[in-house]
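Visitor: Its first residue numbered 78, the sequence shown is counted upward by one per residue in the working numbering.
Every residue gets a Cβ at the ideal spot worked out from N, C-alpha and C, and that includes glycine.
Supplied in structure tokens, the structure appears directly below.
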Amino acid sequence: MILQHATWADIEGYLRRSTGIVVPVGSTEQHGPDGLIGTDAICAEAIARGMPAHADILVGPTLALGAAQFNLGFPGTISLRAATLMAVVQDYVASLAAQGFRRFYFLNGHGGNIAPVQAAFHDIHAAASLRGGDASALSLRLRSWWEYPAADALRRQLYGEREGIHATPSEIAIAMAAVPGARREAAAGPGWVRVPPEELRELAGDRHVDAVRHRRRFPDGRIGSDPALARAEDGARLLAAAIEGARSDYRAFLAGD
Ligand code: NI
């Protein structure tokens with residue numbers, strides 16, 4: 078069930094069966110010369126909305142704006158400050174917690190969101206912990222789609238070193254599968270630009286500098302990736318693998334403490 082396509086009575090009924098919700102979280106930022114600006118939100122939403130088939134799962138509104146200040150040198154990027162994203166996550170959770178929701182599963186499509194969303198979780202837990210703990214304590218989980226083992230294995234198998242860490246062929250392919258016909262023709266460019274693995278490790282989780290230096294270092298927006306490899310057929314396989322991984326991880330999350 079999609080929250081925005083439901084009535085309040087539908088949600089009241091759902092709460093008698095489950096207190097869990099899946100929240101897609103993405104970003105609105107450049108995705109290289111031919112990737113859609115909405116790629117991260119499109120991927121997270123497509124995976125989350127694929128989860129309910131044959132299962133009683135509620136999917137909340139997508140958080141389409143994330144922490145992406147480093148990409149503001151590329152037109153079209155919209156970034157929340159880390160503190161703003163934390164506040165949005167806290168209010169999203171608090172609104173639904175007040176109605177009886179207890180388990181919040183954030184399905185992420187953007188590395189830059191990981192630190193702020195985890196920090197928001199810390200503060201949500203701190204509110205209960207500082208009171209000495211109580212029965213209203215919430216369960217919170219953040220998972221990025223590329224962490225699901227089958228999706229991760231498939232992207233490595235398909236693209237190897239050319240996966241890179243931004244404007245990756247895997248995310249571009251998933252967006253192609255989710256939004257058919259939306260991809261532009263690849264811009265004429267220099268082809269794959271290798272970035273040393275040690276630099277990629279240093280940047281994991283989008284630990285980037287400011288927007289001016291970021292664009293200077295990665296002038297067309299790709300980071301070690303070769304998005305020209307992206308194919309919609311592969312995107313459909315990656316999407317299916319991520320949906321299966323998300324379903325199984327969410328089931329375990331609901332069953333957990
Ligand atoms: Ni992305």
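Could you check the C-alpha separation between Gln176 and Gln234 for me, to the nearest Å?
Guide: Locating residue 176 in the sequence shown gives position 99, where the first residue counts as 1. Locating residue 234 in the sequence shown gives position 157, where the first residue counts as 1. Between Gln176 and Gln234, the C-alpha separation is close to 44 Å.
Visitor: Mapping DSSP to helix, strand and coil, what is Arg232?
Guide: One-based indexing of the sequence shown puts residue 232 at position 155. If DSSP states are grouped into helix, strand and coil, Arg232 belongs with the helices.
Visitor: Please list the terminal residues of the continuous alpha helix (DSSP H) segment that includes Phe330.
Guide: Here residue 330 refers to the residue found at position 253 when the sequence shown is read from its first residue. Following the DSSP letters along the chain, one finds Phe330 inside the alpha helix (DSSP H) bounded by residues 309-332.
Visitor: Give the range of the beta strand (DSSP E) segment to which Gly97 is assigned.
Guide: In the sequence shown, the residue the question calls residue 97 occupies position 20. For Gly97, the enclosing beta strand (DSSP E) covers residues 97-102.
Visitor: Can you find a heavy atom of ligand 1 that lies under 7 Å from the Cβ of Thr116?
Guide: For the purposes of this step, residue 116 is taken as residue 39 along the sequence shown, with counting starting at 1. With a cut-off of 7 Å, the C-beta of Thr116 is classified as near ligand 1, since at least one heavy atom of the ligand falls inside that distance.
Visitor: Helix, strand or coil: which one does DSSP assign to Leu182?
Guide: The residue you call residue 182 lines up with position 105 of the sequence shown. Per the sequence presented here, residue 182 reads as Tyr, with Leu not at that position. Correct three-state label for Tyr182: strand.
Visitor: Beta strand (DSSP E) containing Leu217: first to last residue?
Guide: Stepping through the sequence shown from its first residue, residue 217 is reached at position 140. 216-221 is the extent of the beta strand (DSSP E) around Leu217.
Visitor: Closer than 7 Å by C-beta to Ile320: which residues in its own chain qualify, once you throw out the five before and the five after it? Chain order, please.
Guide: As a first step, residue 320 is located in the sequence shown; it is residue number 243 there, counting from the start. Within its own chain, the residues whose Cβ lies closer than 7 Å to the Cβ of Ile320, once the five positions on either side in sequence are excluded, are Ile124, Gly127, Met128, listed in chain order.
Visitor: Report the residue ranges of all beta strand (DSSP E) runs contained in full by the segment 129-188; include only those spanning at least 3 residues, in chain order.
Guide: Within the segment 129-188, the complete beta strand (DSSP E) runs of at least 3 residues are 180-185.
Visitor: At which residues does the alpha helix (DSSP H) containing Tyr91 begin and terminate?
Guide: On the sequence shown, position 14 is the one that residue 91 refers to. From DSSP, the alpha helix (DSSP H) with Tyr91 extends over 85-94.
Visitor: Does the beta-carbon of Tyr146 have 16 or more other beta-carbons within 10 angstroms, so that it is buried, or is it exposed?
Guide: Taking the first residue of the sequence shown as 1, we reach residue 146 at position 69. Correcting the residue type first, residue 146 is Gln in the shown sequence and not Tyr. The residue in question, Gln146, is buried, as its Cβ has 16 or more Cβ neighbours within 10 Å.
Visitor: On the DSSP bridge assignment, give the partners of Gly112 in chain order.
Guide: Walking along the sequence shown from the start, residue 112 turns up at place 35. DSSP lists His108 as partners of Gly112.
Visitor: Classify Ser172 as buried or exposed, calling it buried when 16 or more other Cβ atoms lie within 10 Å of its own Cβ.
Guide: As a working note, residue 172 is residue 95 in the sequence shown. It is exposed - the Cβ of Ser172 has fewer than 16 other Cβ atoms within 10 Å.
Visitor: Closer than 8 Å by C-beta to Ile300: which residues in its own chain qualify, once you throw out the five before and the five after it? Chain order, please.
Guide: Along the sequence shown, one-based indexing puts residue 300 at 223. Here the set comprises Gly241, Ile242, His243, Ala244, Val272, Leu277, Leu280.
Visitor: Between Arg284, Ala197, Cys120, which lies nearest to Thr161 when the distance is taken from Cα to Cα?
Guide: Stepping through the sequence shown from its first residue, residue 161 is reached at position 84. Looking at the Cα atoms, Ala197 is the closest of the given residues.
Visitor: Report the residue from Pro246, Tyr169, Leu231 whose alpha carbon sits nearest the alpha carbon of Gly322.
Guide: The residue given as residue 322 occupies position 245 in the sequence shown. The shortest Cα separation from Gly322 among Pro246, Tyr169, Leu231 belongs to Leu231.
Visitor: State buried or exposed for Gln81, treating a residue as buried only when at least 16 other CB atoms are found within 10 Å of its CB.
Guide: Here residue 81 is taken as the residue at index 4 of the sequence shown, counted from 1. Result: exposed.
Visitor: Just verifying my parser: in three-state terms, what is the DSSP assignment at His82?
Guide: What you label residue 82 is simply residue 5 of the sequence shown in a count that begins at 1. Helix.
Visitor: Might you give, ordered along the chain, the residues of its own chain that have their beta carbon closer than 6 Å to the beta carbon of Ile249, omitting 5 neighbours on each side?
Guide: For this step, residue 249 is matched to residue 172 along the sequence shown. The residues are Gly112, Pro304, Ala307.
Visitor: Going by the CB atoms, is the gap between Ala254 and Gly312 shorter than 8 Å?
Guide: For this step, residue 312 is matched to residue 235 along the sequence shown. For this step, residue 254 is matched to residue 177 along the sequence shown. Yes, Cβ-Cβ distance for Gly312 and Ala254 is below 8 Å.
Visitor: Secondary structure at Ile249, three-state DSSP: helix, strand or coil?
Guide: As a working note, residue 249 is residue 172 in the sequence shown. In the structure shown, Ile249 sits in a helix (DSSP, three-state: H, G or I).
Visitor: Got a sec? Which residues, its chain only, sit under 7 Å from Leu149 by beta carbon, not counting five neighbours each side?
Guide: Locating residue 149 in the sequence shown gives position 72, counting from the first residue. Taken in chain order, the residues that qualify are Ser156, Ala288.
Visitor: What first and last residue would you give for the alpha helix (DSSP H) that runs through Glu276?
Guide: Here the question's residue 276 lines up with position 199 in the sequence shown. Where Glu276 is concerned, the enclosing alpha helix (DSSP H) stretches over 274-280.
Visitor: Any idea what DSSP makes of His291, helix, strand or coil?
Guide: The count along the sequence shown starts at 1 and reaches residue 291 at position 214. Annotated three-state conformation of His291 is helix, per DSSP.
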